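Enquirer: One structure coming up, written as structure tokens, with questions to follow.
Numbering (our numbering), first residue to last: 18 to 382.
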């Protein structure tokens, strides 16, 4: 096996370059994954354009799927894997030592670095540097969480373990969505569509999803995945449609998975019924929310959740769902591109390539 790895390295805002990096020696508690595919999500684009506080240079990519290339003796027993096994690698990377990890809340682990401890965000200054999925190989820390997935699933579809895991955690687990409850999902991107699937699995009804006129194909796919009502917010009266669909003044649960659209925060609060739950999962960057009045939360007695990342139980739910083949997930995956086209892949996802519809994109070595 070659002892180097190609890697796409971000060195500045909207600046990527291909580098050759050495592979580390693998000890008894570590591992190495030969990458097969890495999914791209909206936060990758935010990182690309400089909207996230990430220390550069860094290898992006936090939705990795690949095969075990090397594995230490202790790691093989702990993870129950062997060389050649296909695995999904969780995004968040606990250090196992900080207060958050001690509480079992590894989503908040900083690893003592003062920022998110995660694949795709740790810089090249942190040994051994291969912390991102935009590469030929990915280093497995002793504290990483990995999960096997059926070999017969294509690697590109397997990378959906991350957005679908988010759908289960954000739309179902966090707000405790119950069978027969209504949910309104703001935004028909990857995580919006994943939330439709998760809500359908939970028995929610009705499932409502919103989008713009240009999102017509995504809204059509949402119906195929189980949405009962799709709303074009540029053509329809959003509040009226939601109230008519639910028959009780608003949705039991509203989840905002839109990127940058600060008005969706106000919409989510407005669309929730009195005593309802709101999940804010779409990041907005350093932009204030206009027309936000906290009295609306008070008067309606809303419960509001901020959603960060996914946890192991919901990653496992996502992997089992993918393996079940109950949904035509291949329709969500629109592009497979080589590492050398990482720039184009990120622009595609952001809608910067005219005439092309992108929902889910995977980079492959």
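For every residue, glycine included, the Cβ atom is placed at its ideal position computed from N, Cα and C. Since this is a predicted model, take the numbers as computed values, not measurements.
Pairs of beta-carbons, one from the stretch 294-304 and one from the stretch 231-243, closer than 8 Å: are there three or more?
Expert: Not touching, per the Cβ criterion.
Enquirer: Using only CA atoms, which one of 139, 51, 364 and 167 lies nearest to residue 59?
Expert: Your numbering for residue 59 matches position 42 in the chain shown. Nearest C-alpha to residue 59: 364.
Enquirer: Extract the residue ranges of the beta strand (DSSP E) inside the stretch 78-141, only unbroken runs of 3 or more that lie entirely within it.
Expert: DSSP runs (the beta strand (DSSP E)) wholly in the stretch 78-141: 81-88 and 103-106.
Enquirer: Exposed or buried, what is residue 192 when buried is set at 16 or more other beta-carbons lying within 10 Å of its beta-carbon?
Expert: As a working note, residue 192 is residue 175 in the chain shown. Result: buried.
Enquirer: Quick one, which of 294, 315, 292 and 283 has its alpha-carbon nearest residue 309's?
Expert: The residue labelled residue 309 in the question sits at position 292 within the chain shown. For residue 309, the nearest C-alpha among the options comes from 283.
Enquirer: Does the distance from the CB of residue 42 to the CB of residue 83 come in under 9 Å?
Expert: As a first step, residue 42 is located in the chain shown; it is residue number 25 there, counting from the start. As a first step, residue 83 is located in the chain shown; it is residue number 66 there, counting from the start. No, the Cβ-Cβ distance between residue 42 and residue 83 is not below 9 Å.
Enquirer: Taking Cβ to Cβ, would you say residue 61 is nearer than 9 Å to residue 184?
Expert: Translated into the one-based positions of the chain shown, residue 61 becomes position 44. Translated into the one-based positions of the chain shown, residue 184 becomes position 167. No, Cβ-Cβ distance for residue 61 and residue 184 is not below 9 Å.
Enquirer: Are the CB atoms of residue 154 and residue 93 nearer to each other than 9 Å?
Expert: By one-based count along the chain shown, residue 154 stands at place 137. By one-based count along the chain shown, residue 93 stands at place 76. Not closer than 9 Å, so no.
Enquirer: Sorted by chain position, which residues of the same chain lie with C-beta nearer than 7 Å to residue 268's C-beta, five sequence neighbours on each side aside?
Expert: Translated into the one-based positions of the chain shown, residue 268 becomes position 251. Correct list, in chain order: 199, 200, 201, 225, 259, 288, 289, 290 and 293.
Enquirer: Which residues mark the beginning and the end of the alpha helix (DSSP H) in which residue 232 is found?
Expert: Residue numbering aside, residue 232 sits at position 215 when the chain shown is read from its first letter. Note, residue 232: premise wrong, no alpha helix (DSSP H); not H, not E.
Enquirer: What residue from 279, 376, 48 and 218 has the CA that sits closest to residue 196's CA?
Expert: As a working note, residue 196 is residue 179 in the chain shown. Nearest C-alpha to residue 196: 218.
Enquirer: Tell me whether the stretch 60-75 and the stretch 24-31 touch, counting them as touching only if at least three CB pairs, one residue from each stretch, are closer than 8 Å.
Expert: Enough Cβ pairs lie closer than 8 Å, so yes.
Enquirer: Where does residue 180 fall in DSSP's three states?
Expert: The residue labelled residue 180 in the question sits at position 163 within the chain shown. If DSSP states are grouped into helix, strand and coil, residue 180 belongs with the helices.
Enquirer: Near residue 360, what residues of its chain come up, given a Cβ to Cβ distance below 6 Å and the 5 sequence neighbours on each side ignored?
Expert: Within the chain shown, the letter at position 343 stands for residue 360. 33.
Enquirer: Near residue 325, which residues of its chain fall below 7 Å by C-beta distance, leaving aside the five closest residues on each side in sequence?
Expert: Position 308 of the chain shown holds residue 325. Hits under 7 Å: 124.
Enquirer: Mark residue 207 as exposed unless 16 or more other C-beta atoms lie within 10 angstroms of its C-beta, in which case mark it buried.
Expert: Taking the first residue of the chain shown as 1, we reach residue 207 at position 190. So residue 207 counts as buried.
Enquirer: Report buried or exposed for residue 176, applying the criterion of at least 16 other Cβ atoms within 10 angstroms of its Cβ.
Expert: Here residue 176 corresponds to residue number 159 of the chain shown, with the count starting at 1. Buried, because 16 or more other Cβ atoms sit within 10 Å of the Cβ of residue 176.
Enquirer: Using 8 Å as the Cβ pair cut-off and three pairs as the minimum, do the stretch 135-150 and the stretch 67-81 touch?
Expert: Segments in contact, yes.
Enquirer: Count the other CB atoms, across all protein chains shown, that sit within 10 Å of the CB of residue 169; report buried if there are 16 or more and exposed otherwise.
Expert: Position 152 of the chain shown, counting from 1, holds the residue named residue 169. It counts as exposed.
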